[in-house]
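Residue numbers (our numbering): 3 to 125. Glycine is no exception: its CB is placed at the ideal position from the N, C-alpha and C atoms. Keep in mind that this is a model prediction, so the values were computed, not measured.
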């Protein structure tokens, strides 16, 4: 089985001015992490401060991918922003949980709850 390429779609978050939903699909690993970090950093540099990262389409995440998400979270926090994760597939959630990530990042089971969280953080 060959890895799926990483797909990143960034769309505005309803009712949250500086917020976006980032749909991540495919594999987030050592081969795709540079592209991921580049797109996410550019987005933050352009004024985005609130991020819902939708992991519904993410098939695989490696330690490099986890490190990249942590790096983006730290960058957002330095700019008084926030990021939440939503809808990870079971195997991705298990990796996040095993590494203690679910204690660091809010993880929501659906997009509406994740959007509500960043909207309340924006007030």
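Own chain residues within Cβ distance below 7 Å of residue 116, not counting five before or after: Contacts found: 54, 86, 88 and 110.
Which residues DSSP lists as bridging residue 82, in chain order: Note: residue 82 sits in no beta bridge, so no partner.
Beta-bridge pairing of residue 9 - partner residues as DSSP gives them: In the DSSP assignment, residue 9 is bridged to 27.
Beta-carbon gap between residue 32 and residue 10 smaller than 9 Å: No, the pair does not count as a contact, with Cβ atoms beyond the cut-off.
Beta-carbon proximity of residue 99 to residue 74, cut-off 9 Å: Their beta carbons are not under 9 Å apart, which means residue 99 does not touch residue 74 by this criterion.
Proximity to residue 58 [Cα-Cα], best of 12, 120, 112 and 81: Proximity to residue 58 across 12, 120, 112 and 81 peaks at 112, based on C-alpha coordinates.
Counterpart residues of residue 88 in DSSP-defined beta bridges: DSSP, once it has assigned bridges, lists 56 and 110 as partnering residue 88.
Proximity winner among 60, 34, 45 and 29, relative to residue 21 (alpha-carbon distances): Out of 60, 34, 45 and 29, the CA that lies nearest to the CA of residue 21 is found in 45.
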